[in-house]
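Engineer: Numbering (my numbering), first residue to last: 3 to 63.
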Amino acid sequence: MRQWGTSGAEIGVGFEGNKSTGWGRESEVDAWKQYVRWSAATVNYSSKVALAQGVSFGVSA
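What follows is the structure, encoded as structure tokens:
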């Protein structure tokens with residue numbers, strides 16, 4: 003039987019990480035972090051558009 007290495011898709015499966023050995027493979031606990039990008043969004047529920055830092059364009063409607 004041939005043994006194949008992990009492809010990175012098996013994040014939920016533990017694979018005995020050995021990052022501290024210097025081989026560069028993370029343990030299952032931290033492996034997901036290299037595939038995730040954190041982001042944030044602000045939702046304005048007002049009927050007015052709020053401009054950043056109080057910017058004003060001086061246009062009247």
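Backbone N, C-alpha and C define an ideal beta-carbon position, used for all residues, glycine too. On a predicted model such as this, the values are computed, not experimentally measured, just so you know.
Please state the DSSP three-state secondary structure of Ala33.
Structural biologist: Correct three-state label for Ala33: helix.
Engineer: Buried or exposed for Val15, going by 16 or more other Cβ atoms inside 10 Å?
Structural biologist: Because Val15 sits at a pLDDT of 48, beneath the cut-off of 50, its placement in the model cannot be relied upon, and the following sentence gives the value as read from the coordinates. Per the 10 Å Cβ criterion, exposed.
Engineer: In whole angstroms, what is the alpha-carbon distance linking Ser58 and Val51?
Structural biologist: About 11 Å.
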